[in-house]
Amino acid sequence: MFDLFKIGIGPSSSHSVGPMRAAEMFLQSLADSDQIRDVQRVQVDLYGSLALTGIGHATDIAVLMGLQGEVPDQIEPETVAEKLKVIREQHQLLFAGQRNIPFTEKEDLLFHRKTFQAGHPNTLKFSAFASPDDSQPLLEETYFSIGGGFVVREGASGQGIAHPMSAVPFPFDSAAELLRLAEEQGCGISQIALENEKAFRSEADIRDGLTKIWDTMQQCVERGSQNEGILPGGLNVRRRAPSLYRTLCSRPEANMRDPLNILDWVDLYAIAVNEENAAGGRVVTAPTNGAAGIIPAVLCYFDRFCPESTPEKIQQFLLTAAAIGSLYKKNASISGAEVGCQGEVGVACSMAAGALTEVRGGTPRQVEEAAEIGMEHNLGLTCDPIKGLVQVPCIERNAMGAVKAINACRLALRGDGSHFVSLDRVIRVMKRTGADMSSRYKETSRGGLAVNISEC
Ligand code: SF4
């Protein structure tokens, strides 16, 4: 649950949250090997997708902040610009938040745009030196940012998950197993997820954590609905959530004439979150930053427009969504650089569809069906962000994903849970489709909208 929903900052979980966490892990390795005090220079090498879309996705900024000892869930987004200015003007890095060492981006932060490393398309290497002139590093480590803010050190096993499935009372590797467990126990998917989570922390802590996630999501919607202006990065995309919000508030009677105006609100929630994300604001990775708007948008829809909503059901929603997301994480990928946008917006849509179905009274089979529909109609979705920024198509795509999730839930609730394609099968197809996809469509900005649409 708390591996998948992480409080962090925008604009990208794989390209900014992950690299910042990798820097944190590298500092920890230096501290563990008692070398951190000896470091006089650091060099960072970015490869593959991190190099190709790293500037647009703020990977450079994330790495610099991480080397200064900042961590994604605690860094204050509004302090980043000033810290960056100091590094760039003074060519000094406040290494590990302790002391200044020389740092010149042009020489010490290198983008290898033509090199894809074997381990993962999102690879970064950190090297620490005892002297600015040394060529032999004190320590060198390579990390893979595998999507959703998860990071794996080269040579380590696992998928960067802090809490292994082997330690839980109801382990499951597939949707079929999850469904069987829920039916055997006579409970919902959320209850299985909650019992598993209790293997790692008390129920009170889980509930506090869930409340914090939901509060952070709502604050993000509120900020995004108020913050005006042009998004950073040079594409000159104007934020549209504030004007949409004003329009919706100024004509409440119009909502009564057209029932589909509820969809305008869903669009608003998703766009507000993703504009905040694009601006480097505080968001909940769900399960990635690029797709961070879908789950809050569907939850806000549930909370504000569905009569069943209660604080308890909001928590059930998040638990169910996490259980579904864990299947994608385990059996496919949640990385746009690995499988395209089907791994980001597609997965978030699937999670939200299944979760909404549970809290609206669906059976576990209907939950599984809704999650399957949510992915089936996102298969093949490419990642082709213009100028490497998490803006176009990403922001609007979250609104579309949220609406699609609501419809997937409605389709499932109108049936009896029997359906043609299972969730496990669609997850396998999604993985294969991602493997077949040209790298041009996997977060490299070398294909699709990124090369066929003028940037201004
Ligand atoms: S297109 Fe999709 S996968 Fe690519 S950056 Fe945007 S949200 Fe992420």
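Numbering (our numbering), first residue to last: 166 to 621. Cβ atoms here follow ideal geometry from the backbone N, Cα and C, with glycine treated the same way.
For Leu259, count the other beta carbons within 10 Å of its own beta carbon; 16 or more makes it buried, fewer makes it exposed. Which is it?
Looking up residue 259 in the sequence shown gives position 94. Its Cβ being crowded by 16 or more others within 10 Å, Leu259 is buried.
Tell whether a beta-carbon distance below 9 Å holds between Gly505 and Thr598.
Taking the first residue of the sequence shown as position 1, residue 505 is located at position 340. Taking the first residue of the sequence shown as position 1, residue 598 is located at position 433. A contact, by the Cβ cut-off of 9 Å.
The beta strand (DSSP E) spanning Gly417 covers which residue range?
Residue numbering aside, residue 417 sits at position 252 when the sequence shown is read from its first letter. With the sequence shown as reference, residue 417 is identified as Pro, and Gly is not the correct amino acid for it. Counting along the chain, Pro417 falls outside any beta strand (DSSP E), though it belongs to the alpha helix (DSSP H) covering 417–422.
Let me know if Cys414 comes out buried or exposed under the rule of 16 or more other beta-carbons within 10 Å of its beta-carbon.
Locating residue 414 in the sequence shown gives position 249, counting from the first residue. Exposed is the call here.
With DSSP collapsed to three states, give me the class of Gln263.
As a first step, residue 263 is located in the sequence shown; it is residue number 98 there, counting from the start. Note: Gln263 maps to coil in three-state DSSP.
Please state whether the Cβ-Cβ distance between Glu509 and Cys465 is less than 9 Å.
Here residue 509 is taken as the residue at index 344 of the sequence shown, counted from 1. Here residue 465 is taken as the residue at index 300 of the sequence shown, counted from 1. Not closer than 9 Å, so no.
What three-state label does DSSP hand Lys290 in the structure shown?
Here the question's residue 290 lines up with position 125 in the sequence shown. Note: Lys290 maps to strand in three-state DSSP.
Can you name, in chain order, every residue of its own chain whose Cβ lies under 6 Å from the Cβ of Lys171, other than the five neighbours on each side?
Mapped onto the sequence shown, residue 171 falls at position 6. Gly314, Thr450, listed in sequence order.
Note down the Cα distance separating Lys271 from Trp379, rounded to an integer number of angstroms.
Within the sequence shown, the letter at position 106 stands for residue 271. Within the sequence shown, the letter at position 214 stands for residue 379. The straight-line gap from Cα to Cα measures roughly 40 Å.
Which complete beta strand (DSSP E) runs does the stretch 531–613 hold, if anything under 3 residues is left out?
Listed in chain order, nothing qualifies, since the stretch 531–613 has no complete beta strand (DSSP E) run of 3 or more residues.
Please list the terminal residues of the continuous alpha helix (DSSP H) segment that includes Val504.
To locate residue 504, count along the sequence shown from 1; it is residue 339. Counting along the chain, the alpha helix (DSSP H) containing Val504 begins and ends at 501–504.
Between the Cα of Ala340 and the Cα atoms of Ser587, Leu614, Ile571, which residue gives the shortest distance?
Residue numbering aside, residue 340 sits at position 175 when the sequence shown is read from its first letter. Comparing Cα positions, the closest option is Ser587.
Can you list, in chain order, the residues of its chain with a C-beta nearer than 7 Å to that of Ala347? Leave out the 5 residues immediately preceding and following it.
As a working mapping, residue 347 is identified with position 182 in the sequence shown. So the list reads Gly353, Ile354, Ile357, Pro529, once near-sequence residues are dropped.
Looking at the ligand NAP, does it come within less than 8 Å of Asp338, judged from the CB to the closest heavy atom?
As presented, the structure is devoid of the ligand NAP, carrying the ligand SF4 as its sole ligands.
For a quick check, are the C-beta atoms of Asn392 and Ala462 less than 9 Å apart?
For the purposes of this step, residue 392 is taken as the residue at position 227 of the sequence shown. For the purposes of this step, residue 462 is taken as the residue at position 297 of the sequence shown. Their beta carbons are not under 9 Å apart, which means Asn392 does not touch Ala462 by this criterion.
Taking the alpha-carbon positions, what's the Val204 to Gln301 distance?
In the sequence shown, residue 204 corresponds to position 39, counting from 1. In the sequence shown, residue 301 corresponds to position 136, counting from 1. Between Val204 and Gln301, the C-alpha separation is close to 12 Å.
Give the secondary structure of Lys363 by DSSP, where H, G and I count as helix, E and B as strand, and everything else as coil.
Numbered from its first residue, the sequence shown carries residue 363 at position 198. DSSP places Lys363 in coil when its eight states are reduced to three.
Considering just the uninterrupted stretch of the beta strand (DSSP E) at Arg447, what are its terminal residues?
The residue given as residue 447 occupies position 282 in the sequence shown. Here the beta strand (DSSP E) through Arg447 covers 447–450.
Alpha carbons only, please: which of Val591, Gln208, Ser498, Asp468 is nearest the one belonging to Pro452?
Walking along the sequence shown from the start, residue 452 turns up at place 287. It is Ser498 whose Cα lies nearest to the Cα of Pro452.
Classify Leu425 as buried or exposed, calling it buried when 16 or more other Cβ atoms lie within 10 Å of its own Cβ.
Here the question's residue 425 lines up with position 260 in the sequence shown. The residue in question, Leu425, is exposed, as its Cβ has fewer than 16 Cβ neighbours within 10 Å.
Tell me the DSSP secondary structure of Glu393 in three-state form.
For the purposes of this step, residue 393 is taken as the residue at position 228 of the sequence shown. Reduced to three states, the DSSP call for Glu393 is coil.
Do Val555 and Ala443 have their beta-carbon atoms positioned less than 9 Å apart in this structure?
Taking the first residue of the sequence shown as position 1, residue 443 is located at position 278. Taking the first residue of the sequence shown as position 1, residue 555 is located at position 390. Yes, the Cβ-Cβ distance between Ala443 and Val555 is below 9 Å.
How close, in whole Å, do the beta carbons of Ala187 and Ser296 come, if the pair is a contact with beta carbons under 8 Å?
As a working mapping, residue 187 is identified with position 22 in the sequence shown. As a working mapping, residue 296 is identified with position 131 in the sequence shown. About 24 Å; that fails the 8 Å criterion.
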